Amino acid sequence: MAARSPPRSAAILLSACSSIPRRASKRGSGCCATFWSGPMSERRSDATITESPDGDGVAVVEELDERALGELCEATALAVADGEDIAWVHPPKQSVLAAYWKGILLAPHRRLLVARHDGRICGAVQLILPGAINEAGAHAGEIATFFVAPWARGHGNARALLEQVEAEARAAGLKVLDFSIRADRKAGIALVESLGYRRWAEKPHYAFINGTFVPGYFYTKTLNGEEPGG
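Numbering follows the working numbering, with no gaps: position 165 of the sequence shown is 165.
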């Protein structure tokens, strides 16, 4: 992509993110994050499901231990370095990424889903729920911070993240999902369009990267299959 600078070396990124101390879970070495792989509406308030360190797939996550947080920071940094459309142009410091993801876990209207490949967190997506005072917009949610690290692409992880976030949206009673993406993310655009997202707008000045404006596309999908006004 001409609009972004060359990525930093993977060695630097891995070193920065692996600086997080790792602790052993009660069930042995590895991640002891709280995972829930079913719809949020079915989750008990005291439900704690711990995935094995080598478990793959997509899951809603409520808590992250230090190892899981380190894996998520590493995947985020690698995706940003590859030009992924997730707010940053250059990979931020590990402390910034860690603080960001900890804040997301505390946000009441955000649900975080992560994908695992070969036993490590490789990607994530957020479901942003409508606020309590937004009665007219209570039917619509938003997809944000959607990415898969370069090393885990080509294995269906991105599609699995989107399919699971749609399942969570339906379980939350939402009827519409909105999504925006930079116009240079060709693979992501092809994926969302294959899943039935309809492009309804283009913004010429969507992002400003290395002195150049990059356009972006806005997509929407009705989860019940009905078109607006139908």
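Backbone N, C-alpha and C fix where the C-beta goes; we use that ideal spot for every residue, glycine too.
Note that the structure is predicted; figures quoted are calculated from it, not measured.
The three-state reading of DSSP puts Arg110 in strand, counting E and B together. In the DSSP assignment, Ala87 falls outside any alpha helix (DSSP H), carrying neither H nor E. Sequence-distant Cβ neighbours of Glu71 in its own chain, meaning closer than 7 Å and more than five residues away, are Arg120 and Ile121. The distance from the Cβ of Ala152 to that of His117 is about 4 Å, consistent with a contact at the 8 Å cut-off. Three or more beta-carbon pairs separated by less than 8 Å are not found between the stretch 76 to 86 and the stretch 167 to 178, which leaves the two stretches without contact. Under the criterion of beta carbons closer than 8 Å, Val60 and Leu113 qualify as touching, at roughly 5 Å. By DSSP's assignment, Gly154 forms no beta bridge with any residue.
DSSP places Glu135 outside both helix and strand once states are collapsed to three, so it counts as coil. In this structure, Lys221 lies near Val176, with their beta-carbon atoms less than 8 Å apart.
Taking 8 Å as the upper bound for CB-CB distance, Leu105 and Glu63 are in contact here, some 7 Å apart.
Excluding its 5 nearest sequence neighbours in each direction, Arg159 has C-beta neighbours in its own chain below 7 Å: Leu191, listed in chain order. Following the DSSP letters along the chain, one finds Leu177 inside the beta strand (DSSP E) bounded by residues Val176 to Arg182. If you compare the alpha carbons of Asp82, Ala207, Ala183 and Gly123 with that of Arg199, the shortest gap goes to Ala183.
The alpha-carbon separation between Ser180 and Gly55 amounts to approximately 30 Å.
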